[in-house]
Structures are given as structure tokens and as C-alpha cells.
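Colleague: Its first residue numbered 108, the sequence shown is counted upward by one per residue in the numbering used here. Take this structure, written in C-alpha cells, and hold onto it; I'll ask about it next.
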Amino acid sequence: MNRTLIIGASGQIGKILTQQMLDDGHHVVALVRDKQKLSDINSENLTIFEQDLNSDFSAAFDQCSNVVFVAGSGASTGADKTLLIDLWAACRAADYAKSNHVKHFIMISSIGADEPLKGSETMQPYLVAKHMADEHLINSGLQYTIIRPGTLTNDKSKANFSTERPKDKSQAVITREDVALAVLYRVKNPVKENSIVELFNGNDSIAQTF
Ligand SMILES: NC(=O)c1ccc[n+]([C@@H]2O[C@H](COP(=O)([O-])OP(=O)(O)OC[C@H]3O[C@@H](n4cnc5c(N)ncnc54)[C@H](OP(=O)(O)O)[C@@H]3O)[C@@H](O)[C@H]2O)c1
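Written out as C-alpha cells, the structure reads:
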């Protein structure tokens, strides 16, 4: 059975994804800095690897075929943590994945990471970090899927998608549950081509979208 490493498994998307993957019969290696945050998930297919992303977390990649980077420093931290997590930890994750011959790396990036200077002044450092982490992955030689979701919501899954950025900014949103569903779909349906997609709730099924 393929093992999938989820980096940031205690986060909002990360935890939903961990549960979805376990429910679907996958073996998950959950990289978290506080294992108590997963104490309500019980499965013999779950291996918890407790490590802060500011230290060496290379051992978590052992025997993992897929890696999902869904960690982030969060909106309430400063640019220092954005650099350390959204940029530096993401780049190191790609390096560790390469050394461990990972088959597929899925990066949760962000809408706007393609053109950071088009974002608001407060968002620009974050978007630069996401942009450069994406570039590092693109240049790594790994097979990759980069998902750049719109603004995340905690609404219930709509199970419909679009990769076309809506003209109305208020419509450029996607539920965290649906981002997790898209990742699960890509793990189950790998493709040879690398891809970078913006992702929103829309009108198509995931199979039509990806
Ligand atoms: N918010 C938006 O509208 C939006 C839009 C597009 C993309 N995104 C991106 O989507 C991704 C997931 O979002 P989310 O809302 O699910 O994020 P989240 O709930 O803030 O989860 C972030 C995860 O990163 C982990 N983390 C942070 N610093 C760490 C460290 N030093 N060591 C180990 N783990 C660390 C957190 O661990 P703890 O649980 O221990 O804190 C948590 O598991 C992020 O990359 C975010 O930038 C967000």
C-alpha cells in the first residue's frame, strides 16, 4: 500500500484530508508538531511523526510515495514565520522528497502566487514565499501538482469545482473540505503531466476539473 505523507496534518485542511484518506483506506504518515491535535483520529493506517518544521524532518519521508505539503504559518504570524514555513520548510520538503524518490508531490500554494506584486501590500510577502516555494518544486525534477486555492472557507463541501478564476473576487473561494477532496482525487488518480491549477468552487465535478 502506498504511503502518503501529509505535512501539516493537524491544520484545518490537513486534518480533513487525513481523515478522508484514512476513510478511503490509505496509509497516512501525519507530520505534526503536536500529536495531541490528532488524538481524536484512530486508525491502524495512521502513523504520526512529531516534528517541528524548523528542524530536520527528513525521516518522515521514509517509504512515502506521495507527499502533500499543506502546512502554513497562518495569518496571525509575521513575515519571519512566513519565510520559515511557507518558503523554507516547503523548499526543504521538496528536497527531502527528491532524496527519498517520492513519486508525486502535491503543494497547497495560493491564488496570487503566480504574480505576487498584484496582491495587496500585506499579502505580498506571503505570495512571494508561496511563489518561490512553487518555483523550487517546479525545478526539483519531482513530479508535482501545485494547487492554488482561492480564499478558504469552512463551509460544507460543495463537491463542485472550477479552475477558472471568477471575475468577482468575492466568488474566488473554495471550502477546505473541497481542497482536501481534490488532493485525495489526485492521489488516487495520478497523471504523468505536472500541473499548476487555481482552484475554486464552481460547477464541475472533480473528474471534469482535474
Ligand atoms: N486562508 C486562505 O484563505 C488560504 C488561501 C489559499 C491558500 N492557503 C494555504 O492553504 C494551506 C492550508 O491552510 P489551512 O487553513 O488548512 O492552514 P492551517 O489550519 O493554518 O494549518 C497550518 C498547518 O501548518 C502547521 N505548522 C505551522 N508551523 C509549523 C511548524 N513550525 N512545525 C510544524 N507544523 C507547523 C500547523 O501546525 P499546528 O496545528 O501545530 O499549528 C498546521 O498543521 C496553507 O499553506 C495556506 O497558506 C490559505
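Backbone N, C-alpha and C fix where the C-beta goes; we use that ideal spot for every residue, glycine too.
Three-state secondary structure (DSSP) at G121?
Modeller: It is helical.
Colleague: Relative to the C-alpha of K274, which candidate in A236, T282, G257 and I213 has its C-alpha closest?
Modeller: Comparing Cα-Cα distances from K274 to each of A236, T282, G257 and I213, the minimum goes to G257.
Colleague: L288: which of A236, S269 and S264 sits nearest, CA to CA?
Modeller: That would be S264, whose Cα lies nearest to the Cα of L288.
Colleague: To the nearest angstrom, how far is it from the Cα of I123 to the Cα of A236?
Modeller: Computed Cα separation, rounded: 24 Å.
Colleague: Please identify the residue among Y203, Y251 and L291 whose C-alpha is closest to the C-alpha of D130.
Modeller: Closest by alpha carbon: L291.
Colleague: Please report the straight-line C-alpha distance between I303 and E242, rounded to a whole angstrom.
Modeller: Between I303 and E242, the C-alpha separation is close to 11 Å.
Colleague: Would the beta-carbon of P223 fall within 7 Å of that of A186?
Modeller: No.
Colleague: Can you look up P223 in the DSSP assignment and give me helix, strand or coil?
Modeller: Looking at P223 - three-state DSSP - the assignment turns out to be helix.
Colleague: With a threshold of 6 Å (Cβ to nearest heavy atom), would D275 be considered close to ligand 1?
Modeller: Not under cutoff, so the answer is no.
Colleague: Three Cβ pairs or more, each shorter than 8 Å: is that satisfied between the segment 244–260 and the segment 191–202?
Modeller: Segments in contact, yes.
Colleague: In the structure shown, what three-state DSSP assignment does M230 receive?
Modeller: The answer is coil: DSSP assigns M230 none of H, G, I, E or B.
Colleague: Given a cut-off of 7 Å, decide if Q170 and R110 are closer than it, judged by their beta-carbon atoms.
Modeller: In contact: R110 and Q170 (Cβ atoms closer than 7 Å).
Colleague: Within 10 angstroms of its Cβ, does T189 collect 16 or more other Cβ (buried), or is it exposed?
Modeller: It is buried - the Cβ of T189 has at least 16 other Cβ atoms within 10 Å.
Colleague: Could you pull the DSSP bridge partners for N173 from this structure?
Modeller: T111 and H211, per the DSSP bridge assignment.
Colleague: By Cβ distance, which residues of its chain are closer than 8 Å to D311, with the 5 residues on each side in sequence left out?
Modeller: Same-chain partners within the cutoff: N267, F268 and S269.
Colleague: Report the rounded CA-to-CA distance for I213 versus E228, giving the unit in angstroms.
Modeller: Whole-angstrom Cα-Cα distance: 27 Å.
Colleague: Compute the minimum distance between the beta carbon of S162 and the heavy atoms of ligand 1, and state whether it is under 6 Å.
Modeller: False, no ligand heavy atom lies under 6 Å from that Cβ.
Colleague: Looking at the unbroken alpha helix (DSSP H) that takes in I155, where does it start and where does it end?
Modeller: Looking at the DSSP string, I155 is not in any alpha helix (DSSP H); the run it does join, the beta strand (DSSP E), is L153 to E157.
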